[in-house]
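Residue numbers (my numbering): 107 to 549.
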Amino acid sequence: MTPHLDADVEDLGECYLKNIEAPVRAFRIGPPGPHPIVQSHWSLGELRPTLAVIPFAVRGEAAEQGILGEVLADEIIRALCRMQELNVISRLSTTAFAGRRLNLDEVRLHLHANYAVSGVCSVTGDSVCLDAELVETKTGQIVWENRLTERIIGILEGDQEIVSHVVAEICNAIMARELLRTRSQPLPTLESYALLMGAITLMHRLRLRDFSDARTMLEAILERGSYQPLAQAWLAKWHVLRVQQGWSDDVMDDAHRALNLTKRALDSDPEFSLALAVDGFVHMNLLRHFDIARERYNLAIHTNPSDALALLLRGMMHAFCDEGEQAVRDTELALMLSPLDLHRFFYDSLAASANLTAGNYARALELANRSLRANRMHTSTWRVLTVAQWQLGMHEEARESARELLRLEPAFTVGGYLDRTPGAAFSIGKLIADVLLKAGVPQ
């Protein structure tokens, strides 16, 4: 019997019962009530969908292999916890549902979960087949399902291939589901987390119409008046990306709006690492306040040493300042900490820039190409690719990349690049400008 789930259980301590000499530990049992294991209160949970991973049932040849379902659930939960876009319920809470027929109403009531992952592991010989599904708890709709096979020894020894595959597909399915909801329902009817998921997805597609829709969604969240530094931080980042894509009509206006948003977020939560990182992003990329940016990035990383975005942006700061070794160190660590990030293209792009500064042109080329395979609309990646190709002697390919850059941003010029890059006064900024000019970008 699980307290709170099966019944309300009250510990009465040691009690003396008739005809029993020694005291007996007694508990009062009552019907379960609507007392969530996870208390409902304002939190980032208002803006992030909550996911519960139920330990997988195991069918197979030996009872001792039942631990596989627990191991897989543990590994998946641990990987999902790295995803900033999700709240993930602790396995110590979800284990209460292990071995039961999945009741979505109970999962929603007791865990406040919007989504649940469950499934069955079938063991045959030295292999295990996982049949898993992701379900929306409110509607019962299956959002994703898949069958994957792995060797038992691989799972027990920490082989991450099956875990990485499951986590990537779960995250993509949730983001796609929330984006679909934002497209099909009026904004006032959408939960805040659905709006946030949709906005984050749209702003990183870097298509102008989607980008504008993302701003509308983020502003709709803020109009609800909740304490929501997460939405403020993302909207501030939106303003920086707007400038970087060449879509801003007034760079200083975007900079001041972004700073106002990060200030409000940090007034609410001075140790919110995302807001600190984005504040540094604004000071670095829009205002060229190098000292302030460095301070913000360092504080964000001190507050949360595993904040991949803060490490990535600090690495880019080093890249702008001709500090190639430090740039590569920070960006490669950011890549390691975010293997499944839904916006991995952004990480690959900035890591490519860091390697460009360090003179690692082959690695810069590899990362830039990987970034563009995920998102071909990010104009700064095309700049990095052009330079890496030119430095490797691939001059015709570099000219073709420069033409694609100009197709995406027709008004782009070398002079305009120098006006807006923080690295303009450093060797790397001058190198990039020189190569872009040689590759055919107008002066």
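Just so you know, even glycine gets a beta-carbon here, dropped at the ideal spot from N, CA and C.
Only a predicted model underlies this, so the values are computations on that prediction, with no experimental measurement involved.
Residues near residue i in its chain [Cβ-Cβ closer than 6 Å; skip 5 each side]
i, result
"residue 304", "284, 285, 288, 323"
"residue 382", "402, 405, 406"
"residue 125", "none"
"residue 368", "342, 381, 384, 385"
"residue 387", "346, 419"
"residue 204", "161"
"residue 394", "528"
Residue i classed as buried or exposed, judged by whether at least 16 other C-beta atoms fall within 10 angstroms
i, result
"residue 461", "buried"
"residue 259", "exposed"
"residue 244", "exposed"
"residue 145", "Any reading at residue 145 must be qualified, since the residue scores a pLDDT of 38, below 50, and its modelled position is unreliable; the value itself is stated next. By the neighbour-count rule (16 or more Cβ atoms within 10 Å), residue 145 is not buried but exposed."
"residue 242", "buried"
"residue 216", "buried"
"residue 175", "buried"
"residue 277", "buried"
"residue 130", "exposed"
"residue 122", "exposed"
"residue 417", "buried"
"residue 464", "buried"
"residue 314", "exposed"
"residue 424", "buried"
"residue 390", "buried"
"residue 155", "buried"
"residue 408", "exposed"
Continuous alpha helix (DSSP H) stretch holding residue i: start and end
i, result
"residue 298", "298 to 309"
"residue 409", "396 to 409"
"residue 316", "314 to 329"
"residue 210", "210 to 217"
"residue 354", "No alpha helix (DSSP H) contains residue 354, which DSSP labels as neither H nor E."
"residue 463", "450 to 463"
"residue 206", "Unbroken run through residue 206: none, as it is neither H nor E."
"residue 381", "379 to 391"
"residue 343", "335 to 350"
"residue 523", "520 to 526"
"residue 486", "485 to 497"
"residue 436", "430 to 443"
"residue 196", "It is not in any alpha helix (DSSP H) - residue 196 carries neither H nor E in the DSSP assignment."
"residue 421", "414 to 426"
"residue 508", "501 to 514"
When the options are compared against residue i, the one with the closest alpha-carbon
i, options, result
"residue 378", "339, 279, 240", "339"
"residue 524", "424, 212, 352, 384", "352"
"residue 329", "298, 315, 443", "298"
"residue 489", "545, 123, 453, 127", "545"
"residue 428", "214, 182, 179, 534", "534"
"residue 231", "256, 443, 469", "256"
"residue 320", "308, 326, 312", "308"
"residue 521", "233, 531, 434", "531"
"residue 358", "204, 536, 526, 182", "526"
"residue 492", "505, 484, 411, 194", "505"
"residue 440", "426, 422, 430", "422"
"residue 56", "194, 514, 426, 165", "The requested residue 56 is not part of the displayed model; the chain covers only 107 to 549."
"residue 280", "207, 192, 316, 311", "192"
Contacts around residue i, its chain only, beta-carbon distance under 8 Å, and the 5 residues preceding and following it disregarded
i, result
"residue 360", "345, 346, 348, 349, 354, 392"
"residue 486", "350, 455, 459"
"residue 372", "335, 378, 381, 382, 385"
"residue 254", "235, 236, 238, 268, 271, 272"
"residue 509", "546"
"residue 213", "158, 160, 203, 219, 222, 243"
"residue 147", "Because the pLDDT of residue 147 is 36, which lies under 50, any placement of that residue in the model is unreliable, and the number read from its coordinates should be weighed accordingly. Counting only Cβ-Cβ distances below 8 Å, and skipping sequence neighbours, we find nothing."
"residue 370", "335, 338"
N- and C-terminal bounds of the beta strand (DSSP E) containing residue i
i, result
"residue 252", "248 to 257"
"residue 222", "221 to 230"
"residue 547", "Residue 547 -> no beta strand (DSSP E), and no H or E assigned at all."
"residue 233", "233 to 242"
"residue 476", "No beta strand (DSSP E) holds residue 476; the alpha helix (DSSP H) holding it covers 467 to 480."
"residue 156", "156 to 159"
"residue 188", "Note, residue 188: premise wrong, no beta strand (DSSP E); not H, not E."
"residue 163", "163 to 165"
Cβ neighbours of residue i in the same chain (closer than 7 Å, five flanking residues each side left out)
i, result
"residue 503", "495"
"residue 275", "250, 252"
"residue 246", "210"
"residue 438", "457"
"residue 300", "284, 287, 288"
Distance cut-off 7 Å: residue i Cβ against heavy atoms of the ligand SAH
i, result
"residue 346", "Absence of the ligand SAH from the depicted structure is noted, as is the absence of any ligand whatsoever, leaving it without description."
Task: Contact the region 152 to 166 vs the region 213 to 229: 3+ CB pairs below 8 Å - done: yes
Open item on the list: Three or more C-beta pairs under 8 Å: does that hold for the region 436 to 451 against the region 178 to 196?
Closed with: yes
Task: contact_flag[the region 493 to 511, the region 530 to 541] where n(CB pairs < 8 Å) is 3 or more - done: Judged by Cβ distances under 8 Å, the region 493 to 511 makes contact with the region 530 to 541, as three or more pairs qualify.
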